[in-house]
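Student: Let me give you the structure first, and then I'll get to my questions.
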Amino acid sequence: MKRLSLALSVLVLALGLFLTLAPTAQAGPNPVVVMETSMGRIMIMLYPADAPKTVANFLKYVEAGFYDNTIFHRVIRQRKRGGEDDSAMNIVQGGGYTFPAKRKSPLYPPIPNEASTGLMNTKGTISMARTDVPDSATSEFFFNVEDNPPFDYRQSAAVVGAGTFSSSVSAGYCAFGKVIRGMDVIEKISEVRTARSGLMQDVPVDPVFIKKAYKAN
3 MKRLSLALSV LVLALGLFLT LAPTAQAGPN PVVVMETSMG RIMIMLYPAD
53 APKTVANFLK YVEAGFYDNT IFHRVIRQRK RGGEDDSAMN IVQGGGYTFP
103 AKRKSPLYPP IPNEASTGLM NTKGTISMAR TDVPDSATSE FFFNVEDNPP
153 FDYRQSAAVV GAGTFSSSVS AGYCAFGKVI RGMDVIEKIS EVRTARSGLM
203 QDVPVDPVFI KKAYKAN
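Residue 8 in the numbering used here sits at position 6 of the sequence shown; the count goes up by one each step and never skips.
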């Protein structure tokens with residue numbers, strides 16, 4: 003009987019130690035941001051190990067409430083043609099405009115482009131939007147609705163003559179997180195009807211709002 007009691011005590015102690023050390027469902031090094039939109043909820047896991055400055059910048063905008071009551075101002079859905087040179091673009095872009103298509107002034111300076119270390123622009127990732135200048139991203143982002151390999155950083159060298167090479171670099175767009183819930187919401191947004199609005203093209207005719215964006219506990 004004493005042996006049984008001792009064995010049970012050891013088992014309870016081991017179980018208690020396991021529960022103490024085991025990670026909870028919410029624990030982990032990767033922050034999660036929730037976007038409550040007018041078409042549903044989107045949850046995004048961020049990857050600071052791959053794109054630390056990009057993630058830090060995005061979280062600053064989230065925590066400042068910058069994205070609250072903004073719109074997805076650009077939706078592009080193009081048919082894939084196939085092949086390595088396929089430049090079809092499939093994105094849902096937001097993070098910089100209020101309705102009706104009025105641009106918000108960024109809160110912070112532009113950040114360095116971390117596309118060379120960030121994630122690939124595969125379906126379900128979130129990336130920073132920018133101008134033609136690589137280090138110009140501020141608040142705007144886009145979701146990759148499909149794989150968008152032309153947005154990836156790449157560096158290659160081609161032979162142009164006997165013993166000479168020409169280096170070609172594409173700065174790319176930095177992907178810094180992945181959708182872990184709500185990809186169906188993004189796909190629904192990608193199907194909305196779009197039109198020109200002033201100087202902007204591909205603007206949803208019926209606005210889709212980001213009602214609130216916040217960091218999950």
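No residue lacks a Cβ here, since even glycine has one placed at the ideal position from N, Cα and C.
What are the boundary residues of the beta strand (DSSP E) that S192 is part of?
Tutor: Segment M185 to S192 is the alpha helix (DSSP H) holding S192; no beta strand (DSSP E) there.
Student: Given this structure, state the Cα-to-Cα distance separating A29 from A218, to the nearest angstrom.
Tutor: Residue placement at A29 is poorly supported in this model, since its pLDDT is 40, which falls under 50; the coordinates still yield a value, given next. A29 and A218: Cα-Cα distance of roughly 11 Å.
Student: From V205 to P108, what does the alpha carbon distance come to, in whole angstroms?
Tutor: Straight-line Cα distance between these residues: approximately 20 Å.
Student: Figure out for me which residue from Y216, L201, A215 and A197 has the closest Cα to the Cα of P209.
Tutor: The shortest C-alpha separation from P209 is found at A197.
Student: At the level of alpha carbons, what is the spacing between M47 and I182?
Tutor: So the two alpha carbons sit approximately 6 Å from each other.
Student: Closer than 7 Å by C-beta to M91: which residues in its own chain qualify, once you throw out the five before and the five after it? Chain order, please.
Tutor: The answer, listed in chain order, is I78, Q80 and N150.
Student: Indicate the three-state DSSP secondary structure (helix, strand or coil) for N59 in the structure shown.
Tutor: In the structure shown, N59 sits in a helix (DSSP, three-state: H, G or I).
Student: By how many angstroms is the C-alpha of I44 removed from the C-alpha of L201?
Tutor: Between L201 and I44, the C-alpha separation is close to 29 Å.
Student: Roughly how many angstroms lie between the CA atoms of V64 and T140, to the nearest whole one?
Tutor: Their backbone Cα atoms lie some 12 Å apart in a straight line.
Student: Given P25, which residues of its chain have a CB within under 8 Å of its CB, disregarding the five upstream and five downstream residues?
Tutor: Residue placement at P25 cannot be trusted, given a pLDDT of 36 that sits under 50; the coordinates are not used to answer.
Student: Going by Cα to Cα distance, which pick from R76, C176 and G98 is closest to I113?
Tutor: The candidate whose alpha carbon is nearest that of I113 is C176.
Student: Determine the burial state of N131: buried for a count of at least 16 other Cβ atoms within 10 Å of its Cβ, exposed for fewer.
Tutor: Looking at the sequence itself, residue 131 is Ala, so the reference to Asn does not match. Buried is the call here.
Student: Buried or exposed for K213, going by 16 or more other Cβ atoms inside 10 Å?
Tutor: Exposed, by the Cβ-count rule.
Student: Using a Cβ-Cβ cut-off of 6 Å (strictly less than) and excluding sequence neighbours within five positions of E148, which residues of its own chain qualify?
Tutor: Around E148: N92 and K125.
Student: If you compare alpha carbons, which of K190, E189, K180 and P152 is closest to S172?
Tutor: Checked all of K190, E189, K180 and P152; the closest Cα to S172 is P152.
Student: Using only the alpha-carbon positions, how far apart do P36 and K180 sit?
Tutor: The amino acid occupying residue 36 in the given sequence is Val; Pro does not appear at that position. Cα to Cα, V36 sits roughly 12 Å from K180.
Student: Just verifying my parser: in three-state terms, what is the DSSP assignment at F153?
Tutor: F153: helix per DSSP, three-state reduction.
Student: Please look up how many angstroms separate the CB atoms of F60 and V94, rounded, as I've assumed it's under 8 Å.
Tutor: Rounded, the Cβ-Cβ distance is 16 Å, inconsistent with contact.
Student: Assign D137 to one of two classes, buried (16 or more other C-beta atoms within 10 Å of its C-beta) or exposed (fewer than that).
Tutor: Classification of D137: exposed, given that the 10 Å Cβ count is below 16.
Student: Whose C-alpha, out of V57, V34, D52 and N71, is nearest the C-alpha of K220?
Tutor: Not covered by the structure: residue 220. The range shown for the chain is 3 to 219.
Student: Would you report the Cα separation of A123 and N146, rounded to the nearest angstrom?
Tutor: Note on residue identity: the sequence assigns Asn, not Ala, to residue 123. Going by the C-alpha atoms only, they are around 7 Å apart.
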